[in-house]
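Colleague: Can you keep this structure in mind? I'll have questions shortly.
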């Protein structure tokens, strides 16, 4: 079980569910995704096939279940076989396709999920030979670069989002940005629904917002980081990126599932600002537990492509994800990918966050190297946004000092009122 | 129910499952994906919100189910509410983001699938204002352009795939191509696992294969269409495309889920050859019936981006998909998207196909405007690949003439042996 990963093979871990013998089913997976053929082909030789074959590295049966998780699977004829789940690790020689992320996708997550043998198949994790580290940029800024540009050390970067997502024009966006700058915020992001519509054209929004941010920086020395959503076609992304850079902006945002892998790789190569990677659509890749992708596998691909910040949801969030999964995702972003090139992305906590989640987040993660973003947790604070930001900073001070929030709140009214307001 | 689509609004149909009142749940979707906020925000006005709000156009309750399809959903407190499924149509003003495919994705398929109100949520279909037709190229070749380049009229384009997927070098690939050309094939594709590895470098493979194809064309006048898998980073795809073009090749292939949307849009803009779009990975987007994407919605995005050929699986295939779903997918590709710009993609039937599926495919579809690809159905024919190709052509002749296969096979040994060999 502790086999050392060969540096020339790619490894992928899956959770499978099948009514067949799990090893035979795993062999079908390996064949389908490498040199397998259903009929002998002129020209193929055992040597050719062996050189390129995927291999089963490990297989461990986990449990038996009553019925199939997904429809459409077949089962052995004439048998009343049970459905069994197993963890299986496949490996491929890197020489099958070289250090190419798009071709990695087609191999580890290609025509597998529909194979008739399986009533469930989920990609759990990936391990890549270090040749990938040389082929892709990885995050250019990561934690250190983001902290330097945001001017925040020793605590999480406190962030928020412009809401309503759509409806605001450049003027309203800039006005809200001003309020948030004055409230002491570190980081603001566009919503993923706000891009470049006629009511809020990108250029006009970027100019209006950066005027506010630059003015505030001139007065106070603090330049708030604003993640402008540049999601669009490639030429649009390039132009918007350059505009933000030229205006003195310090961050751009892109939706991973909208842009896709090749677009993100290209952005990762040309970006001169941290890339705030939004995962909207993640639900369709992951919400069925016996299908699709685990975040632990998925995030590695985007980090290598250059994502500096990765969304991981938040504790007690407004979505369906449980806290253990959120923490596993954040830990994954903070775990080095390669010895010489860790490719660490800064995890972004968001969705229903307020002062209350700080202790739990710190206890589970043991670090403040994260962006902690709150919408209502700041804007809906009874004493206004400045008190909202203060309550989050105080909550994180308490968390890192291992002091209970209620105690720390005794002589801190911003935190005290937050604990009251966000009690539900 | 027959409301005319307003030309300035985007419409999306969903299948939802919820323990809440379906209309209230749909309102939550609409709010989340447009101007909704959980708390009132300074600067927002009813006019701003109304201008950008998503709207429920239609809602129809379909059925009640015993339990939730997906884990993690919440249910109304204190009630023993049933889970109900409904079809709901939401619409958005195009001015929320303009005619941008990536931003369309973030809106119609963004942070929806994880909303706590839903124990199931699937995107069924999409209708786009015609301004999208002006913003994207659509298929440059489609059916007519593909037929012209392949020199095939009045019947399906008969295709096959190079197997083993990996293992073959350029020499073996070219040798198999020669066999297939001599067998009378119209179309050959790389496997999606074959890209540019050191054992089979792209350039060397393309040169060796095109030497065979060009020689054959010089001798016979028939230029076999070979879809070279150019999947890779953007600069690689561009370079490989140009090489294939310069060598006289007539098709390139890319994996949609590996390249992603922005990369495919870019490819669609620069491609001078038909784009053969491979859907590997489709299973993780679709296999849970209450989650993700229907092909009917999904294929529209790629057609607009420029996909000339779209994989739709095949009847009695080796995967989990049923025949009705396969036919619905193929019909979708053949249905015009806009009155002035139909964006028709040629459906590609593959996976376990042989002479046997021709009549069923023609009966369901009523056209021969498709690529019919068989691996074993050609290579494993008892009398060899030429007989395999002949058997497929004969099967389609029988289908279009409405003659039963068995009858048509009486004085046609290639078809007769195919019916015997692929009896299972």
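Chains as they are written, first to last, in this note's numbering: chain A, 47 to 470; chain B, 47 to 470. Beta carbons are placed, not taken as given, at the ideal position from N, Cα and C, and that holds for glycine.
Is any beta-carbon of chain B found at less than 8 Å from that of residue 344 (chain A)?
Modeller: No - not a single Cβ of chain B is within 8 Å of the one on residue 344 (chain A).
Colleague: To the nearest angstrom, how far is it from the Cα of residue 197 (chain B) to the Cα of residue 253 (chain B)?
Modeller: Between residue 197 (chain B) and residue 253 (chain B), the C-alpha separation is close to 22 Å.
Colleague: Assign residue 139 (chain B) to buried or exposed, taking buried as 16 or more other Cβ atoms, counted over all protein chains shown, within 10 Å of its Cβ.
Modeller: Buried, by the Cβ-count rule.
Colleague: Which class does residue 417 (chain B) belong to by DSSP, given the choice of helix, strand or coil?
Modeller: Residue 417 (chain B): strand per DSSP, three-state reduction.
Colleague: How about residue 356 (chain A): is its C-beta nearer than 8 Å to some C-beta of chain C?
Modeller: Absent here is chain C; the protein component of the structure consists of chains A and B.
Colleague: Could you tell me which residues DSSP puts in a beta bridge with residue 63 (chain A)?
Modeller: Per DSSP, A:131, A:166.
Colleague: With distance defined between alpha-carbon atoms, name the residue in A:431, A:321, A:370, A:325 nearest to residue 192 (chain A).
Modeller: The residue with the shortest Cα to Cα distance from residue 192 (chain A) is A:321.
Colleague: Kindly say whether residue 79 (chain B), judged by its beta-carbon, lies nearer than 8 Å to any beta-carbon of chain A.
Modeller: For residue 79 (chain B), the answer is yes, since a Cβ of chain A falls inside 8 Å of its Cβ.
Colleague: Could you pull the DSSP bridge partners for residue 380 (chain B) from this structure?
Modeller: Partner(s): none; residue 380 (chain B) has no beta bridge.
Colleague: Indicate whether at least one CB of chain B lies closer than 8 Å to the CB of residue 515 (chain A).
Modeller: This structure cannot speak to residue 515 (chain A), because chain A is shown only from 47 to 470.
Colleague: Out of B:218, B:310, B:263, B:262, which has the shortest C-alpha to C-alpha gap to residue 283 (chain B)?
Modeller: Per the Cα distances, B:310.
Colleague: Given residue 408 (chain B), which residues of its chain have a CB within under 8 Å of its CB, disregarding the five upstream and five downstream residues?
Modeller: The residues are 414, 442, 445, 446.
Colleague: With 7 Å as the C-beta to C-beta threshold (strictly closer), list the residues of the region 207 to 222 of chain B near chain A in chain order.
Modeller: Result list: 209, 210, 211, 212, 213, 214, 218, 221, 222.
Colleague: Since residue 211 (chain B) contacts residue 152 (chain A) with CB under 8 Å, what's their CB separation in whole angstroms?
Modeller: Not quite, the Cβ-Cβ distance comes to about 10 Å (not below 8 Å), so this is no contact.
Colleague: Thinking C-beta only, is residue 76 (chain B) closer than 8 Å to residue 136 (chain B)?
Modeller: Against a cut-off of 8 Å, the Cβ pair of residue 76 (chain B) and residue 136 (chain B) comes out as a contact.
Colleague: Can you find the residues in the same chain that come closer than 8 Å, C-beta to C-beta, to residue 214 (chain B), ignoring five residues on each side of it along the sequence?
Modeller: Only 208, 222, 240, 246 meet the Cβ criterion.
Colleague: Whose C-beta lies closer than 6 Å to the C-beta of residue 340 (chain A) among residues of the same chain, with five residues either side of it excluded?
Modeller: Excluding sequence neighbours, residue 340 (chain A) sits near 170.
Colleague: Do residue 247 (chain A) and the ligand MG come close, with the Cβ less than 7 Å from some heavy atom?
Modeller: The ligand MG is absent from the structure shown, which contains no ligand whatsoever.
Colleague: So, are the CB atoms of residue 67 (chain B) and residue 185 (chain B) less than 8 Å apart?
Modeller: No, Cβ-Cβ distance for residue 67 (chain B) and residue 185 (chain B) is not below 8 Å.
Colleague: Please say whether residue 155 (chain A) and residue 327 (chain B) have beta carbons closer to each other than 8 Å?
Modeller: Against a cut-off of 8 Å, the Cβ pair of residue 155 (chain A) and residue 327 (chain B) comes out as a contact.
Colleague: Answer yes or no: does any C-beta atom of chain A fall closer than 8 Å to that of residue 48 (chain B)?
Modeller: Low local confidence applies: a pLDDT of 44 at residue 48 (chain B) is under 50, so the model's placement there is unreliable, and no value is given.
Colleague: Along the chain, where does the alpha helix (DSSP H) containing residue 105 (chain B) start, and where does it finish?
Modeller: No alpha helix (DSSP H) holds residue 105 (chain B); the beta strand (DSSP E) holding it covers 101 to 111.
Colleague: Would you call residue 277 (chain A) buried or exposed, if buried means 16 or more other Cβ atoms sit within 10 Å of its Cβ?
Modeller: The residue is buried, with at least 16 neighbouring Cβ atoms inside 10 Å.
Colleague: Could you confirm whether any beta carbon from chain B is found closer than 8 Å to the beta carbon of residue 311 (chain A)?
Modeller: It does; some Cβ of chain B falls within 8 Å.
Colleague: Which term fits residue 316 (chain B), buried or exposed, when burial requires 16 or more other beta carbons within 10 angstroms of its beta carbon?
Modeller: It counts as exposed.
Colleague: Looking at chain A, which residues of the region 233 to 264 of chain B have a Cβ within less than 7 Å of any of its Cβ atoms?
Modeller: So the list reads 238, 239, 241, 242, 243, 244, 245, given in the order they occur along the chain.
Colleague: Let me know if residue 194 (chain B) comes out buried or exposed under the rule of 16 or more other beta-carbons within 10 Å of its beta-carbon.
Modeller: Its Cβ having fewer than 16 others within 10 Å, residue 194 (chain B) is exposed.
Colleague: Curious, which full-length alpha helix (DSSP H) runs of at least 4 residues does the region 341 to 414 of chain B contain?
Modeller: 341 to 351, 369 to 379, 404 to 411, all fully within the region 341 to 414 of chain B.
Colleague: From residue 451 (chain A) to residue 226 (chain A), what distance separates their C-alpha atoms?
Modeller: Cα to Cα, the separation comes out at about 24 Å.
Colleague: So is residue 217 (chain A) buried or exposed if we call it buried at 16+ other beta carbons inside 10 Å?
Modeller: By the neighbour-count rule (16 or more Cβ atoms within 10 Å), residue 217 (chain A) is not buried but exposed.
Colleague: What is the C-beta distance between residue 394 (chain B) and residue 229 (chain B), in whole angstroms, given that I count them as a contact (C-beta under 8 Å)?
Modeller: Between residue 229 (chain B) and residue 394 (chain B) the Cβ distance is about 19 Å, and since that is not below 8 Å, they are no contact.
Colleague: Which stretch, first to last residue, makes up the beta strand (DSSP E) that contains residue 336 (chain B)?
Modeller: From DSSP, residue 336 (chain B) is part of no beta strand (DSSP E); its letter is neither H nor E.
Colleague: For the alpha helix (DSSP H) holding residue 178 (chain A), just list the boundary residues, first then last.
Modeller: Here the alpha helix (DSSP H) through residue 178 (chain A) covers 177 to 181.
Colleague: For residue 334 (chain B), decide whether its Cβ has a neighbour in chain A, counting only Cβ atoms nearer than 8 Å.
Modeller: Chain A contact via Cβ: present.
Colleague: How would you write the range of the alpha helix (DSSP H) that residue 149 (chain A) sits in, first residue to last?
Modeller: Segment 147 to 154, the alpha helix (DSSP H) holding residue 149 (chain A).
Colleague: Figure out for me which residue from B:464, B:314, B:122 has the closest Cα to the Cα of residue 300 (chain B).
Modeller: Cα-wise, what sits closest to residue 300 (chain B) is B:314.
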